[in-house]
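In case it helps, the working numbering puts the sequence shown at residues 5 to 164. Beta carbons are placed, not taken as given, at the ideal position from N, Cα and C, and that holds for glycine. The structure appears right after this line, and notes come after that.
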Amino acid sequence: MSAVVLRVVMLTTVYLLALTSLRPGDVVVGLVLATLLVLVARRIRPPGPASPLGRRLAGVPALVGGTLVDLVVGTWQTAACLVGRGPTAAGLVEVPIPRSGPASAAAWGVRVGFVPDTVVVEIDEERGRMLLHVLDAHDPAAVVAAQHDSYRRRQRRVFP
């Protein structure tokens, strides 16, 4: 039951983001459309073992939510740096990336590039590395560990 409610909420959220509106009428229409879509989808394909595509799509909320968390934290760190209270050891860090295909590497680069305290300088799939400019490069191993942790927790399920 909670999975159905979560699906309805997520679909309604996407609908409202597309409309860029929070008017009560739009919220009601979004809830009705999302509920109908979820109910029709359950009738067409009853719940069972998830397909590979289904498992990948199920990871999208963690990817989006985690990216938003990274965005907020990175914005906070950038603001702290701008007012003189943040890290002062900006520099380049080379992050090894798994050989998982161009879509995964590109998605990782885009996701990391959204965060204001990190700039993707280069992605080299042949050498299996991503070169980042970060605000706090005093401990490159910590940057690499944080990037790999973020990849495992947020992205690997959607872009293996």
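Between which two residues does the beta strand (DSSP E) harbouring Asp128 extend?
Thr122 to Asp128
Run through the DSSP bridge pairs and tell me what Pro100 is partnered with.
Arg133
How many angstroms separate the CA atom of Tyr155 from the CA atom of Pro164?
10 angstroms
DSSP three-state label for Val162, please.
coil
Other residues of its chain near Val44: CB distance less than 7 angstroms, five sequence neighbours each side excluded:
none
Going straight from the alpha carbon of Pro28 to that of Gly34, what length do you get?
10 angstroms
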